[in-house]
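Written below as structure tokens is the structure these notes are about.
Protein chains: 4
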Amino acid sequence: MKNTFGNNIAVTLFGESHGKAIGAVLDGMPAGIPVDEEFIAYQMSLRKSVGAISTARKEADEVKIVSGVFNGMTTGTPVTFIIENQDTKSRDYGELAYKARPGHADYTAEIKYKGFQDFRGGGHFSGRITAGLVAVGAVVISALKSEGITIGTHILSCGGVNDRTFNNIPADIDSLNNKEFAVLDDEKADEMKSAILSAKNDGDSVGGILETAVNGMPAGYGEPWFDTVEGLLAHALFSIPAVKGVEFGAGFRYANMRGSQANDSFRNINNSICTSTNNCGGILGGITDGMPIIFRCAVKPTPSIYKEQQTINLKTNEDTDLQIKGRHDPAIVHRARVVADSVTAIVLYDLLRNK
Amino acid sequence: MKNTFGNNIAVTLFGESHGKAIGAVLDGMPAGIPVDEEFIAYQMSLRKSVGAISTARKEADEVKIVSGVFNGMTTGTPVTFIIENQDTKSRDYGELAYKARPGHADYTAEIKYKGFQDFRGGGHFSGRITAGLVAVGAVVISALKSEGITIGTHILSCGGVNDRTFNNIPADIDSLNNKEFAVLDDEKADEMKSAILSAKNDGDSVGGILETAVNGMPAGYGEPWFDTVEGLLAHALFSIPAVKGVEFGAGFRYANMRGSQANDSFRNINNSICTSTNNCGGILGGITDGMPIIFRCAVKPTPSIYKEQQTINLKTNEDTDLQIKGRHDPAIVHRARVVADSVTAIVLYDLLRNK
Amino acid sequence: MKNTFGNNIAVTLFGESHGKAIGAVLDGMPAGIPVDEEFIAYQMSLRKSVGAISTARKEADEVKIVSGVFNGMTTGTPVTFIIENQDTKSRDYGELAYKARPGHADYTAEIKYKGFQDFRGGGHFSGRITAGLVAVGAVVISALKSEGITIGTHILSCGGVNDRTFNNIPADIDSLNNKEFAVLDDEKADEMKSAILSAKNDGDSVGGILETAVNGMPAGYGEPWFDTVEGLLAHALFSIPAVKGVEFGAGFRYANMRGSQANDSFRNINNSICTSTNNCGGILGGITDGMPIIFRCAVKPTPSIYKEQQTINLKTNEDTDLQIKGRHDPAIVHRARVVADSVTAIVLYDLLRNK
Amino acid sequence: MKNTFGNNIAVTLFGESHGKAIGAVLDGMPAGIPVDEEFIAYQMSLRKSVGAISTARKEADEVKIVSGVFNGMTTGTPVTFIIENQDTKSRDYGELAYKARPGHADYTAEIKYKGFQDFRGGGHFSGRITAGLVAVGAVVISALKSEGITIGTHILSCGGVNDRTFNNIPADIDSLNNKEFAVLDDEKADEMKSAILSAKNDGDSVGGILETAVNGMPAGYGEPWFDTVEGLLAHALFSIPAVKGVEFGAGFRYANMRGSQANDSFRNINNSICTSTNNCGGILGGITDGMPIIFRCAVKPTPSIYKEQQTINLKTNEDTDLQIKGRHDPAIVHRARVVADSVTAIVLYDLLRNK
């Protein structure tokens, strides 16, 4: 299904970084869901480049809804979001028409699309395409909120600086959703920004880890095989450019645990079934258990760096050197956080629509 | 789509641990692919419980193919595998009809299926259902091999003991496929088995990490959004019971890298485009780059342990204690390795069928 | 998705006419739906060959359920039906290994499957494969009945003899479900049987039209584009071997109507919204309107006839003559009727599971 | 999947008759397919209202492609078509906000979307949405033509006037594609137009039958169950508003045939396997046989007529009368013909992309 994801609701992404417009179609939303254009704009702002730690490319990112909304509410038919591209300096990318940027999709796109891809600014592979996901996500996040489900993502690690982990859900989630730079321990924000700037000054970039928590997801959603909650979330999360790992609950730490440490005991607390720990990240046998869903995404460093790199010429296949110019982010982890929230919302809302 | 996975080829899993039979339907295989029943039996043997480090339940696991194969070759229509259950001691599970085993799907199944699930031996959630995946996988692994693509999985870590990582592909892959206990450094096998036995003696269990390598996958497969190679593989891999994390290439280690370390330089080596390192695990922009695909799966410790645990009574919701009896594995990581190979084969063969 | 159909529930068909077994997997049924093995056997009997007007091949058609049912009720996980083949006289089909029977799939199968298909008795194309659909259908028909929805199909036309159309729903539906030979006007049964026998005596066969009515389907199901109720039903109904046309309500008669005759007026009758006529067959804009769903399927004459025919040799591509032997039906319309009910049930139950 | 159709290629439709824009996303097209904007405009013109026999609403129907095309060719990523709505006289529809037009989707939309639908001009149910299908279809028709496959649809019947059927393929197809009013026998054009005008003068409308032929489709495409060529085509064709029946080859005429008349004999003619007749419409066992594909769609009369009709008030559920004003087509069969071509092209191109 390529650029479409979802079963009960489905998101289709389209557009290229330097084309006329990017956008998304959200199909399957029930009729009568409020669409809050201010909240969409707020979410778009969280994804935007900010200050010295981000790319110099500035886009208005004004989201036009051209279908599926009537009198401020969903009609039940496809909602289409269009975001026009404006600040497209295609001249910056001349050399990149034939030199594959290491860590980017230039080479794989050339092979897959036989040279017909729109290479300008990464084309359809650009992180810019996530703007459509964020617009869709804003509508879905609102819908989830009205069902008592909230989602928050923080930068657990960036440039060697670690934030504390979630220890107070849902308050932690609420606090994140009001922050431009999403850390739980505010003192870490400046340290991370310094690390990012330091890399930028070296003509380099940094990676990081995003940690997401979901509160309020009821027990009983997901399937035992294939459409496990982990499988569905991971499937979608790996679409966030640069995500190269996804782990749930204790994740890779499970490898060094024994069963007696790893198992979460069930307890009845005030007539509600809980687990005393949450190593499983809220998912057992592929199915939600009613506890918070917790997962982490590994984000690789932005591949566009100013340092000179070795690569090949796509037209001649010969070795060459590359000095990337243009406007780039020394880190994307702080901008990707709202994309993680959006993707999570889409997957969970889709699951909730199973009868 | 619940218990069905795939686009060009599709696998449907069915069955319960203590029902009449388990099995799978493999649809979409081209006509004329040889089906080697001996190789199927060999793969099934790798998944079987072996010696002291595994459960005492012994199943013949004889695979009957009831459709889709004619004169030893696929017909192009659905191939159906039936594996009858024989060694089903249902009496062992009496108490488990109403006590939720921590770390298992008993509680989430009760919520999802409203008490109608076949709870015996974990029912449809049992690791036994992976036998169907392995049967399917054997056919697909053979088909991939004839296209020059090989897959191998080793136990990178188990019970605190670490194997070396891949450093000689494809020879490492070939060596693994002839080993019953899959480690690259043979000296680690006994250490790991000791660690497993030690946990068993304590009435406990251990987790681990599986690492998989794929050689020969051509460049250009996968999609930029949603159906990325990472997303598709992760979607399927999280169906392997106990897998709670999946990372590709450098994975979570990317978090502490800078772009200049992380980026894999492209080089033309003997008229073949390679990367000098393989941090990206053979996937860029969601698309294969022609280098080996490398990923790791975190496997949680077997949740069935003999130590007494706290849990709830599913019928009364009251707190209670649980002492699991019956036959269980102190580790499953060594048995899950062939399941990882099988799932990987299914996803990649499906991708290769895209025109 | 080839041999799998459905979204919320999904049916996978497998098997060949002269292989070990045929069957089906029904996934997505909610947990706790009663499975009545007697009713399954009754439905299977309606599909069976009966007396002089049907093939001499007799199959016990005993349906074994090997998964997904526990204590007589669905567990919520895949229900697998296995029907073993017994009365397989493969020697009858020798010449058909290389002569394409006109009107059959022998030639198209040879092209599609490159000669690897199981040609015996039509293989995977055999009408026998519909036995799996009928087994699945029996479970779904019961589930629909418990929601107040009933389905009935009669032979509107066969061998030049016409039955009356529905004029008393739901009583007509109920009466059909107790008849072995499904006509509304019982006097037509013998006439039709005579027409079938007459064709048989000529070494020939006859076609016909099936008409189906559904009562109790609530308004509001279906989609405006693509997944219209007409589109979904037709998609599935064309899988019934020999169906070559599907029309809803007035269908092709609409061509000669004017809008003022064609439009069904809405009326409030006892606080229920009805239409005064039902030319649209219960579907407007692709969505159910709460009136009975009415449609007709054109069924071509059984292509296996005893008269000598012209055809080609599949191995040499040369013209040749063919004298079909073996056991065949001079008509299948009376046997296909329960298949139509089953397919209809599957599509509608799937639709009803949309939230 | 609601408003998305297809497997290898997928079309998503969006928009409302009186919203900001309508359009479509076409995903899965291979890279490097030429996109001829002039041909798109030509196809759009065939769908447009023309002269006295069509609605007075005139739309520029300018198609903007905002993604997926670079240097005049597909890039391999989603192609998005946007058609802005301009001539939207919403004031015409005031009364229709609460009176259900007989034969329209107003009532079923009200039930399905709980009153939140955009009712103006039929909203998402409007025939206007087919403009997106035609834009997509134009690209796909071009791609098919370059593979030697051509499609043509004529008005077999309209207002009681019948055209001749296909008797000279592919010449008949070519001739149709140059005609604004698609009949094979040109003398019938004026008769049909007169019949349409006569109905218009009576404040009424007429229905008809479209017949489509496809030349050059190779043998071997389609599946035996569910994804039969008939099933896939019918699934999509029933999305064309007002289509209420689809039949292939002899279709409903099969009912009165005997097998000896119905079966198409295979013959080797100049080393090419043909059938001497084409009753099966080019499809056997759900699979193309290499002969022309032939099918017919029954089109109901435009439900919007000026004559007074009986209906209900959607807000009060009370009986009322309705006098439709606004601009409407007395027939849509002549405009739907290019939609039939487009839908056919989408389904067949999708099939051809199966490996």
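Protein chains in written order, with this note's numbering: chain A, 1 to 355; chain B, 1001 to 1355; chain C, 2001 to 2355; chain D, 3001 to 3355.
Cβ atoms here follow ideal geometry from the backbone N, Cα and C, with glycine treated the same way.
- Taking 8 angstroms as the cut-off, the beta carbon of R1267(B) is found no closer than this to the beta carbon of S1054(B).
- One thing to note: T1165(B) has its Cβ within 8 angstroms of the Cβ of L1156(B).
- Here the segment 2336 to 2352 of chain C does not lie against the segment 2305 to 2315 of chain C, with fewer than 3 beta-carbon pairs under 8 angstroms apart.
- Under the 8 angstroms Cβ criterion, the segment 25 to 35 of chain A does not count as touching the segment 1011 to 1028 of chain B, having fewer than three qualifying pairs.
- For a Cβ distance threshold of 9 angstroms, residue set S265, F266, R267, S276 of chain A lies close to Q1310(B), ordered along the chain.
- Nearest to E1223(B) by C-alpha distance, out of N1162(B), A1250(B), D1350(B), is D1350(B).
- Note on geometry: alpha-carbon atoms of A2234(C) and C3158(D) lie some 24 angstroms from one another.
- Residue environment analysis places D3204(D) among the buried positions, since at least 16 neighbouring C-beta atoms fall within 10 angstroms of its C-beta.
- In summary, K3325(D) is exposed, with fewer than 16 beta-carbon neighbours lying within 10 Å of its beta-carbon over all protein chains present.
- Residue nearest to S194(A) within the set A331(A), R128(A), E318(A) is A331(A) (criterion: CA-CA distance).
- Here Y2254(C) is not near A3052(D), since their CB atoms are 8 angstroms or more apart.
- For N3(A), the residues of chain D that pass the 9 angstroms Cβ criterion are A3010, V3025, D3027, G3028, T3077, P3078, in the order they occur in the chain.
- As summarised for the segment 3074 to 3115 of chain D, the continuous alpha helix (DSSP H) elements at least 4 residues long and confined to that stretch are 3106 to 3113, given in chain order.
- DSSP places T1130(B) in the helix class (H, G or I) of the three-state scheme.
- Where L1232(B) is concerned, the enclosing alpha helix (DSSP H) starts and stops at 1229 to 1237.
- Distance check between R296(A) and each of L1184(B), G1103(B), V1246(B) places V1246(B) closest, using alpha-carbon atoms only.
- If only uninterrupted beta strand (DSSP E) runs of at least 3 residues are considered, those enclosed by the segment 287 to 326 of chain A are 293 to 299, 309 to 312, 319 to 322.
- In summary, E3180(D) is exposed, with fewer than 16 beta-carbon neighbours lying within 10 Å of its beta-carbon over all protein chains present.
- A Cβ-Cβ distance of about 6 angstroms is found for the pair N1263(B) and Q309(A), placing them in contact under the 8 angstroms criterion.
- Sorting G2127(C), N2271(C), G2281(C) by C-alpha distance to the C-alpha of I2169(C) places G2281(C) at the top.
- Here A3060(D) carries a coil assignment [DSSP, helix/strand/coil].
- Separation of K2200(C) and F5(A) (C-alpha to C-alpha, rounded to the nearest whole angstrom) is 53 angstroms.
- According to the DSSP assignment, F3014(D) belongs to the beta strand (DSSP E) that extends over 3010 to 3015.
- Among the residues of the segment 3119 to 3152 of chain D, those with a Cβ less than 8 angstroms away from any Cβ of chain A are G3123, H3124, in the order of the chain.
- Sixteen is the threshold: when 16 or more other Cβ atoms of the shown chains lie within 10 Å of the Cβ of N2003(C), as they do, the residue is buried.
- Between the alpha carbons of N3007(D) and N1354(B) lies a distance of about 11 angstroms.
- Under the Cβ criterion of 8 angstroms, E37(A) is not counted among the residues facing chain D.
- Using a Cβ-Cβ cut-off of 8 angstroms, R101(A) does not count as an interface residue toward chain C, since no Cβ of chain C sits closer than that to its own.
- For A1250(B), the closest alpha carbon among the candidates K1114(B), E1110(B), P1301(B), G1259(B) is that of G1259(B).
- With its beta carbon less than 8 angstroms from one in chain C, Q1117(B) belongs to the interface.
- In this structure, S265(A) lies near P1102(B), with their beta-carbon atoms less than 8 angstroms apart.
- Taking a C-beta cut-off of 8 angstroms against chain A, none of the residues of the segment 1165 to 1183 of chain B qualify.
- In this structure, DSSP gives A3331(D) a state outside helix and strand, which the three-state scheme calls coil.
- For the segment 329 to 354 of chain A, residues whose beta-carbon sits nearer than 8 angstroms to a beta-carbon of chain C comprise R353, N354.
- Listed in chain order, the non-local C-beta contacts of V2069(C) below 8 angstroms within the same chain comprise V2035, T2075, V2079, local neighbours out to five positions each way being set aside.
- In the structure shown, G3023(D) adopts extended strand secondary structure according to DSSP, grouped into three states.
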